[in-house]
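Per this note's numbering, the sequence shown starts with residue 1309, numbered consecutively.
In this text, a Cβ means the ideal position worked out from N, Cα and C, and glycines have one as well.
Accompanying notes for the structure given below.
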Amino acid sequence: MISDSHHGRSVTRPTVLIADDDPFSRAMAASRLAALDANVVEAENGEIAMTLLQESKIDLAIVDLEMPIIDGFMLLGCIRGHPRLRHIPVVVLTGREDREAMAEALSRGATSFLQKPLNWTAFGQHIAHLIELSSGAAVRTVTTPARPRLSALRS
């Protein structure tokens, strides 16, 4: 997450990696992510994506399965096999319609799976939800009052 100063207060912006060899898909995803006030990092193949993941603090990765050099399946394996990266939520995008691709992506550690062509409104809502979930644990501990213990409720 990147911290910005916004009207005198600190605002934390998530950094999202988009790894897709299709420039149109990357541009559309980047546009939706910008609307969510996310910092966007783009990669046109899995090799560049892995380099960016290792060199940057990425909060969420959006990965196409069909990419040159290192495909999405292999990239998922690299992410889940790396001790510093394995916690990053990974959303898989694909134009493939076979169930085997979805099953393989999920078995390799994909957090979720979205099929192209995307409903871009639903995409934005889905990503916003994942960003909230991935940063929510820290936020909830600060903003949510402690729940009473069960024993306190009985007295």
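- With distances taken between CA atoms, G1417 lies nearest to A1369 out of A1369, N1347 and A1343.
- Counting only the Cα atoms, D1328 lies some 5 Å from E1352.
- Taking all protein chains in view, the Cβ of A1337 is crowded by 16 or more other Cβ atoms within 10 Å, so the residue is classified as buried.
- Per the coordinates, the alpha-carbon of Q1362 lies some 30 Å from the alpha-carbon of N1427.
- If you look at A1351, you'll find it in the beta strand (DSSP E) that goes N1347 to A1351.
- With a cutoff of 8 Å on beta-carbon distance, D1367 and V1400 are scored as not near each other.
- A direct Cα-Cα distance of roughly 15 Å separates H1390 from G1380.
- Taken through DSSP and simplified to helix, strand or coil, R1334 comes out as helix.
- Looking at the DSSP output, I1326 bridges to E1350 and I1370.
- Secondary structure at T1419: coil, using DSSP grouped into helix, strand and coil.
- Taken in chain order, the whole beta strand (DSSP E) runs of length 3 or more contained in the segment 1374–1434 are 1398–1402 and 1420–1423.
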